[in-house]
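Here the structure is laid out as structure tokens; the discussion comes afterwards.
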Amino acid sequence: MKFFIAAATALTMGLGPLAGAAGETPETKENILEVETAAPAMWRVRDADSDYILFGTFHILPPGLDWRREALNEAFAEADVVYFEVEADTRDAEAKTLNTIMTQGFNKAGVTLSGMLEKKDAQKLREIASEVNLPFAAIDTMRPWNAFLSLSVQFIIDQGFDPSHGADSVLTKEAKAAGKEVRFFETIEEQLALFTTLDPETEKNLLILTIRDWDKQAAAFDDLFRAWAQADVDLIDTDMNEDMREKAPAVYERLIAERNRNWAEQLDAVLKAESGKGFVAVGAGHLVGGKDSVPALLKEMGYEVTRYGAEAANDN
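Mapped onto mature numbering (1 follows the signal peptide of the UniProt record, and there is no 0), the consecutive letters of the sequence shown carry residue numbers -21 to -1, 1 to 295.
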């Protein structure tokens, strides 16, 4: 089961403070170092007077990876407006994230995760905390969503990945430096609320699935990263979305489907009201799959949607 890695990778944009608390990024794993270049998938959305490129990002990447293809660079350079998921790399966003964690991320006094979990799951949680060098005493006081995110971020960083090298972070800085109009689909408060407002049972199951899935995650993360680098959209959908749809449909609806509909509606409004060229950079999991994906939703709305770039010849 790849549930943990799917949910973890879907939501690493607004977690800078957690990543910062984790310390230095470890040396990149040898198997990841074998991937030196990447050509991630892109889509083109057009109507009579608008031309937008959708780029499926990986929110956190290993330093030194060459993921900038010519088609991507050209589309980004030509865009007048650029969309991202959320503005996470600001002091204000970091302050709001930390405030949310401190005020909503911990259980009431006397309530522990180990007390909520079955004995075998509580023991495994203790082992996981030790594995990623996070104090179990602190983890045990967290609400399930906070423990999930803390373990997720540390796991990904332990693979040698760095949030500051993520495609979204890099492109956001470049867009601002180039004077482009930069827009965001969500606020940091809205992204954090994806977790803080989960119903208690779904929130608890999020952590339980993470615990029970843990030992498979190094291989799963490697598979997902390679699928992204090779623009294997079917495998990205399988690795990121399929397991979440089957094992945790409420989480899939909250993290993927609901947000996709919201973003597609925002883009529909912009494409109808404005003209020109645009660039959209959001997590790859939001752009792949069936009827729930952003490209599929836009196509259903009547827009011309095709694959874009070198990979387009192989998969439309």
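Idealized CB from N, CA, C, for every residue including glycine.
Residue environment, residue i, which counts as buried when at least 16 other CB atoms sit within 10 Å
i, result
"residue 90", "exposed"
"residue 218", "buried"
"residue 295", "The pLDDT assigned to residue 295 is 45, lower than 50, so where the model puts this residue is not dependable; a value taken from the coordinates is nonetheless given after this. The residue in question, residue 295, is exposed, as its Cβ has fewer than 16 Cβ neighbours within 10 Å."
"residue 116", "exposed"
"residue 270", "exposed"
"residue 286", "buried"
"residue 70", "exposed"
"residue 109", "exposed"
"residue 199", "buried"
"residue 274", "buried"
Closer than 8 angstroms to chain E by CB, residue i
i, result
"residue 92", "No chain E is part of this structure, which consists of one protein chain only."
N-terminal and C-terminal residue of the beta strand (DSSP E) that residue i is part of
i, result
"residue 242", "Residue 242 -> not in any beta strand (DSSP E); alpha helix (DSSP H) instead, spanning 237 to 252."
"residue 32", "29 to 36"
"residue 62", "60 to 65"
"residue 286", "283 to 287"
"residue 162", "160 to 165"
Beta-carbon spacing of residue i, residue j below 8 angstroms
i, j, result
"residue 193", "residue 99", "no"
"residue 32", "residue 54", "yes"
"residue 36", "residue 208", "no"
"residue 20", "residue 212", "yes"
"residue 67", "residue 135", "no"
"residue 177", "residue 124", "yes"
"residue 122", "residue 78", "no"
"residue 111", "residue 137", "yes"
"residue 151", "residue 83", "no"
"residue 95", "residue 226", "no"
"residue 250", "residue 26", "yes"
Residue i to residue j span [Cα, whole Å]
i, j, result
"residue 92", "residue 126", "9 angstroms"
"residue 254", "residue 23", "15 angstroms"
"residue 206", "residue 88", "43 angstroms"
"residue 158", "residue 41", "27 angstroms"
"residue 44", "residue 221", "27 angstroms"
"residue 288", "residue 268", "19 angstroms"
"residue 230", "residue 223", "7 angstroms"
"residue 263", "residue 284", "16 angstroms"
"residue 34", "residue 201", "20 angstroms"
"residue 196", "residue 266", "22 angstroms"
"residue 128", "residue 75", "16 angstroms"
"residue 56", "residue 156", "12 angstroms"
"residue 119", "residue 214", "35 angstroms"
Enclosing alpha helix (DSSP H) for residue i [first to last residue]
i, result
"residue 189", "179 to 192"
"residue 262", "Element bounds for residue 262: not the alpha helix (DSSP H) but the beta strand (DSSP E), 255 to 262."
"residue 73", "70 to 83"
"residue 21", "Element bounds for residue 21: not the alpha helix (DSSP H) but the beta strand (DSSP E), 21 to 25."
"residue 132", "123 to 137"
Cβ-Cβ separation, residue j to residue i (assumed contact under 8 angstroms), whole Å
i, j, result
"residue 65", "residue 165", "5 angstroms"
"residue 62", "residue 162", "5 angstroms"
"residue 58", "residue 257", "5 angstroms"
"residue 238", "residue 276", "At roughly 11 angstroms, the Cβ-Cβ gap does not stay under 8 angstroms, so residue 238 and residue 276 are not in contact."
"residue 173", "residue 233", "6 angstroms"
"residue 107", "residue 235", "Actually they do not touch by this definition, with Cβ atoms about 25 angstroms apart."
Near the ligand HEM: residue i beta-carbon under 7 angstroms from a heavy atom
i, result
"residue 123", "This structure simply doesn't include the ligand HEM, nor any ligand for that matter."
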